[in-house]
Structures are given as structure tokens and as C-alpha cells.
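Asks: Starting off with a structure, shown below.
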Amino acid sequence: KPEPKPEPKPTPKTPKTDESKSTIWKSVDGETLIPRENGTKDKSSIPGYKFVRTEKDKDGNTTHVYRQVITSYVDEKGKEINPSDKGTKDKKDIPEYIYKETKKDKDGNTIHVYRKNPKPAEPTKPAEPTKPVEPTKRLANTGTTETNTGLAGLGLGILGGLLAAARRRKNDKN
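Using full-length UniProt numbering, the letters of the sequence shown map in sequence onto residues 1 to 174.
Okay, here's the thing in C-alpha cells:
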């Protein structure tokens, strides 16, 4: 009787990394976020971006697609009070507003909420006692200012004197 052949042991399969395939991480706008790597790689956590989807092309290449998150600054009613920033940013000091809280929306965006700073009431000042009013000091009128009226009077006086002198001469001739 022939001896039974020992059954061959199955060789464990090692996962193949197909170096002909590659992975790239891009934004929805097509900007490369992480350079291309050989092999199929998992999605990554990229600061300022939120993972959207993974795509495979006909050759088996993998593209992980991300969307840039934004940080908004709004009042309690949701109205924007400061321009939004790209990426995840810390709260800011905004004039006339007081920071209240930070929220994340379903898309991973950061929303800093502020409330309007009520203007503090002006403190009323106590009434000051009235001080006696000092009369305004006035300089003595020295007559140094000339006016047109004074010049006109002077002119009439000279004219009258000339006329009187001319009449006297005429009367003296007669």
C-alpha cells in the first residue's frame, strides 16, 4: 500500500501592497493637501479640513477629499459681526461685543457666539455749585481804531474850512 502523501500546509497570505497604486489627499477645490504616496492609505486628520469622501479611479488609485472648515463670528441671533476666517481659529476680541460661547456645526465649522455689550449708563454728575461770575475785563478805549465815519467827518471839516476861507477872500475883495 502506498504511503499517503502529507497534505501541503497552506501558506499564510500576506497582504499585498500594490506599489502601482497610490493615494492622494485633496481639497474639494483640487488643491493637494498631502503629497501622493505609493500604496493604498487610510484617510488622515488634516487641521483646518473636514473629511468628505474617498474616491477610487479605474486604476485603483485612492483620493481622499476634504473640505476646508471656517470659523464664524456671530451674535446671539446668528448675524455675522466679523468676517469669517478659513480654518479653525480661536475667539477674537470684537469691539462692542462680549464673547459668550463656541459651537461646532454639523460640517465641522467653528462658530464663536458673542452678545452685544450694553453701553454702560453714563453716571450722573453731581451738580456743581455755581461760582460767582467775574465781569470780563475790558481794555480802556484809547481811540486808536479808525473808522470810516471818523474819516468822513474829517473830510467834511476840511472841505467846510476851505469853503469858509474861499468865501472870506471873496468878501475881502469886494
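All C-beta atoms, glycine included, are put in the ideal place defined by N, C-alpha and C.
So, with DSSP's three-state summary, where would you put I29?
Replies: Reading the sequence shown from its first residue, position 29 is the one you call residue 29. Note that residue 29 corresponds to Asp in the displayed sequence, not to Ile. Looking at D29 - three-state DSSP - the assignment turns out to be coil, as it is neither helix nor strand.
Asks: Tell me where the alpha helix (DSSP H) around K170 begins and ends.
Replies: Locating residue 170 in the sequence shown gives position 170, where the first residue counts as 1. Note, K170: alpha helix (DSSP H), N148 to K173.
Asks: Quick check: the Cα distance between P15 and G39, rounded to an integer number of angstroms?
Replies: Taking the sequence shown and counting its residues from 1, the one referred to as residue 15 is at position 15. Taking the sequence shown and counting its residues from 1, the one referred to as residue 39 is at position 39. Residue placement at P15 cannot be trusted, given a pLDDT of 49 that sits under 50; what the coordinates show is reported in the next sentence. Distance between the alpha carbons of P15 and G39 is about 12 angstroms.
Asks: Would you tell me roughly how many angstroms separate the C-alpha atoms of K26 and P35, rounded to the nearest one?
Replies: Position 26 of the sequence shown, counted from the start, is the residue given in the question as residue 26. Position 35 of the sequence shown, counted from the start, is the residue given in the question as residue 35. Their Cα atoms are separated by approximately 9 angstroms.
Asks: Do you know how far the Cα of E80 is from the Cα of Y114?
Replies: Your numbering for residue 114 matches position 114 in the sequence shown. Your numbering for residue 80 matches position 80 in the sequence shown. Each residue's alpha carbon lies about 10 angstroms from the other.
Asks: State yes or no: is the C-beta of E96 within less than 9 angstroms of the C-beta of K77?
Replies: Position 96 of the sequence shown, counted from the start, is the residue given in the question as residue 96. Position 77 of the sequence shown, counted from the start, is the residue given in the question as residue 77. Cβ atoms of E96 and K77: not closer than 9 angstroms.
Asks: Just to confirm the assignment, what range does the beta strand (DSSP E) spanning D85 have?
Replies: As a first step, residue 85 must be located in the sequence shown, where it is residue number 85. Element bounds for D85: E80 to K86.
Asks: Under 8 angstroms by Cβ, that's how I've got V93 and I70 pegged, so tell me the actual separation to the nearest angstrom.
Replies: For the purposes of this step, residue 93 is identified with residue 93 of the sequence shown, where counting begins at 1. For the purposes of this step, residue 70 is identified with residue 70 of the sequence shown, where counting begins at 1. Looking at the sequence shown, residue 93 is not Val but Asp. Their Cβ separation, rounded to whole angstroms, is 19 angstroms, which puts D93 and I70 out of contact at 8 angstroms.
Asks: What residue does the beta strand (DSSP E) around L72 start on, and which one ends it?
Replies: Stepping through the sequence shown from its first residue, residue 72 is reached at position 72. The residue asked about is misnamed: residue 72 is Ser in this sequence, not Leu. Unbroken beta strand (DSSP E) run through S72: I70 to D75.
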